[in-house]
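Chemist: The structure's right below; bear with me while I get my questions together.
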Amino acid sequence: MLSTVSQVISVWFAQKNSVWVYPTGIIGVLLAAYLYFFLAEPPLYAEGSVHCYYFVLSCYGWYLWVQKKNDNTLMYPIQWSTPDVWKKTAVLSVVNWMGIYLLLKYMTDSDTPWMDSFVSAMAITAMWLMAARKIENWLFWMVSNVVAIPLHLYKSFYLFSLMFFLFLVMAIAGFFQWKKMISSTQLY
88 MLSTVSQVIS
98 VWFAQKNSVW
108 VYPTGIIGVL
118 LAAYLYFFLA
128 EPPLYAEGSV
138 HCYYFVLSCY
148 GWYLWVQKKN
158 DNTLMYPIQW
168 STPDVWKKTA
178 VLSVVNWMGI
188 YLLLKYMTDS
198 DTPWMDSFVS
208 AMAITAMWLM
218 AARKIENWLF
228 WMVSNVVAIP
238 LHLYKSFYLF
248 SLMFFLFLVM
258 AIAGFFQWKK
268 MISSTQLY
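Numbering-wise (the working numbering), the sequence shown opens with residue 88 and increments by one.
Below is the structure:
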């Protein structure tokens with residue numbers, strides 16, 4: 088329960104472009120990692136591992152988000168990814184998905200390797216894009232959440248399924264909020 092509440096609050100802070108996304112998120116991801124590794128039967132290895140990755144990237148994102156230029160403006164403002172970054176992101180996402188799938192399929196007792204690996208690969212990409220304040224992070228969160236909902240229902244993690252549904256709604260809202268923030272800072 089505490090993990091769910093902490094993660095929902097974290098996403099709310101992300102929507103607002105607030106650095107508080109990270110300290111609140113760290114609490115939630117550490118608790119969730121414990122659940123995935125030690126309470127799920129069989130464990131959701133990819134989800135547990137990706138939450139450990141979230142912890143590391145949350146520390147990194149927290150560092151980036153507080154950086155300022157000499158004129159006290161953000162060093163890393165919200166922005167769109169370049170076409171080159173998009174291509175690399177797409178390729179990396181597919182490679183991660185296939186790599187995680189193969190690990191789960193052949194090296195674990197996972198009964199959901201396709202879904203678990205897909206959710207994790209998309210979330211890995213989303214978290215990296217969020218740390219870099221790229222608006223496309225919300226698109227990857229949306230895709231990840233759409234698959235995470237039935238995955239968690241299957242595992243009987245009903246509260247987490249509800250959380251991922253809420254995350255889906257919040258990701259849609261976050262995308263439009265960040266899009267509005269970008270528009271309000273551009274000079275015409």
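We put the beta carbon where it would ideally sit given N, CA and C, even for glycine.
Determine the extent of the alpha helix (DSSP H) in which proline 110 is found, giving its start and end residues.
Modeler: Counted from its first residue, the sequence shown places residue 110 at position 23. 108-121 is the span of the alpha helix (DSSP H), which, as asked, contains proline 110.
Chemist: How many Å lie between proline 200 and aspartate 158 at the Cα?
Modeler: Here residue 200 corresponds to residue number 113 of the sequence shown, with the count starting at 1. Here residue 158 corresponds to residue number 71 of the sequence shown, with the count starting at 1. Whole-angstrom Cα-Cα distance: 48 Å.
Chemist: Count the other CB atoms within 10 Å of the CB of glycine 135; is the residue buried (16 or more) or exposed (fewer)?
Modeler: On the sequence shown, position 48 is the one that residue 135 refers to. Glycine 135 comes out buried.
Chemist: Are the CB atoms of leucine 126 and serine 90 within a distance shorter than 8 Å?
Modeler: The residue labelled residue 90 in the question sits at position 3 within the sequence shown. The residue labelled residue 126 in the question sits at position 39 within the sequence shown. It is not a contact, given that the beta carbons lie outside the stated cut-off.
Chemist: With histidine 239 and serine 248 assumed to form a contact (beta carbons below 8 Å), what rounded beta-carbon distance in angstroms separates them?
Modeler: Stepping through the sequence shown from its first residue, residue 239 is reached at position 152. Stepping through the sequence shown from its first residue, residue 248 is reached at position 161. Going by Cβ atoms, the distance from histidine 239 to serine 248 rounds to 4 Å, so yes, they are a contact pair.
Chemist: What are the boundary residues of the alpha helix (DSSP H) that phenylalanine 100 is part of?
Modeler: Taking the first residue of the sequence shown as position 1, residue 100 is located at position 13. Segment 89-102, the alpha helix (DSSP H) holding phenylalanine 100.
Chemist: Taking the alpha helix (DSSP H) that methionine 194 belongs to, which residues open and close that run?
Modeler: Within the sequence shown, residue 194 is the residue found at index 107, counting from 1. Unbroken alpha helix (DSSP H) run through methionine 194: 170-194.
Chemist: What three-state label does DSSP hand serine 271 in the structure shown?
Modeler: Here residue 271 refers to the residue found at position 184 of the sequence shown. Residue state, collapsed to three classes: helix.
Chemist: Secondary structure at leucine 161, three-state DSSP: helix, strand or coil?
Modeler: On the sequence shown, residue 161 is found 74 positions in, with the first residue counted as 1. In this structure, DSSP gives leucine 161 an extended state, which the three-state scheme calls strand.
Chemist: Check for me: the alpha helix (DSSP H) holding leucine 126 runs from which residue to which?
Modeler: As a position in the sequence shown, residue 126 is number 39, starting the count at 1. Element bounds for leucine 126: n/a, residue is neither H nor E.
Chemist: In the DSSP assignment, the alpha helix (DSSP H) including phenylalanine 227 goes from what residue to what residue?
Modeler: For the purposes of this step, residue 227 is taken as the residue at position 140 of the sequence shown. Here the alpha helix (DSSP H) through phenylalanine 227 covers 224-241.
Chemist: Note down, in chain order, each residue of its chain lying with its Cβ closer than 7 Å to the Cβ of alanine 218, except the 5 sequence neighbours on either side.
Modeler: Against the sequence shown, residue 218 aligns to sequence position 131. Leu144, Tyr147, Gly148, Leu151, listed in sequence order.
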